[in-house]
Amino acid sequence: MKIRRAEARDLPSILAIEELCFSREVAFPPDALSILLEDATALVAEDGNLAGFVIGFVRGEAGKVVTLDVLPERRGEGLGRGLMVALEEEFAILGARASRLEVSIENRRAIALYADLGYSGAALLEDYYGPGEDALLMVKRLRRAGP
Ligand SMILES: CC(C)(COP(=O)(O)OP(=O)(O)OC[C@H]1O[C@@H](n2cnc3c(N)ncnc32)[C@H](O)[C@@H]1OP(=O)(O)O)[C@@H](O)C(=O)NCCC(=O)NCCS
Numbered sequence: 075m076k077i078r079r080a081e082a083r084d085l086p087s088i089l090a091i092e093e094l095c096f097s098r099e100v101a102f103p104p105d106a107l108s109i110l111l112e113d114a115t116a117l118v119a120e121d122g123n124l125a126g127f128v129i130g131f132v133r134g135e136a137g138k139v140v141t142l143d144v145l146p147e148r149r150g151e152g153l154g155r156g157l158m159v160a161l162e163e164e165f166a167i168l169g170a171r172a173s174r175l176e177v178s179i180e181n182r183r184a185i186a187l188y189a190d191l192g193y194s195g196a197a198l199l200e201d202y203y204g205p206g207e208d209a210l211l212m213v214k215r216l217r218r219a220g221p
């Protein structure tokens with residue numbers, strides 16, 4: 075399994091994976107993903123076909139994870155973890171000292187992964203995804219990149 079930077083040609087696969095990972099109400103629309111692919115840091119996990127991707131960006135000293143998606147049939151193989159670690163490395167190279175993300179409080183699997191990677195719950199964001207759909211803000215301090 076190789077993790078590499080996403081390219082414009084990956085957009086159709088990325089859209090298909092996003093559709094399989096999130097309901098229509100919370101999935102990123104195609105236009106938004108297309109813009110993120112160009113303007114943000116986007117990485118894909120590939121072994122012939124794309125099995126997952128992660129997108130984030132850095133503003134100042136903070137990295138923000140926008141989305142993390144692994145194909146349902148490829149979960150539990152370590153791809154989510156590998157994508158997150160690779161994104162954090164990119165964040166650190168771009169000068170980020172911390173990484174942050176929002177995750178649905180219902181998403182136990184993702185919260186378990188982030189906690190295991192060193193993220194801590196920093197705040198409960200009420201109604202973040204809609205009425206009664208709360209999110210947890212999670213943050214992690216990053217190590218400086220470099221020699
Ligand atoms: C969340 C998600 C990205 C995890 O991807 P994954 O490739 O299955 O994750 P990994 O295989 O790297 O698992 C990493 C960790 O997740 C947790 N995890 C994995 N499978 C789990 C399960 N069945 N139950 C609970 N925790 C689990 C464990 O902490 C695991 O650590 P381990 O490798 O030491 O066992 C994936 O389930 C997904 O795409 N879900 C839908 C989209 C989504 O919710 N994205 C996150 C939005 S914030």
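The opening position of the sequence shown corresponds to residue 75 in our numbering, with each subsequent residue numbered one higher.
C-beta atoms are modelled at their ideal positions from N, C-alpha and C, and glycine is treated no differently.
Test: E112 CB closer than 8 Å to a CB of chain C: Checking the listed chains, one finds no chain C in this structure; it contains a single protein chain.
Option nearest N181 by Cα separation, candidates G156, F165 and L211: L211
Segment contact flag, the region 115–122 with the region 97–105, C-beta cutoff 8 Å, min 3 pairs: no
Reduced DSSP secondary structure (H/G/I, E/B, other) of S97: coil
Near ligand 1: D190 beta-carbon under 7 Å from a heavy atom: yes
Boundaries of the alpha helix (DSSP H) in which F165 is found, first to last residue: L153 to I167
Terminal residues of the alpha helix (DSSP H) in which A219 lies: No alpha helix (DSSP H) holds A219; DSSP gives it neither H nor E.
Supposed contact pair A125 and L153 - C-beta distance, whole angstroms, cut 8 Å: The beta-carbon distance between L153 and A125, rounded to whole angstroms, is 6 Å. This is short enough to meet the 8 Å contact definition.
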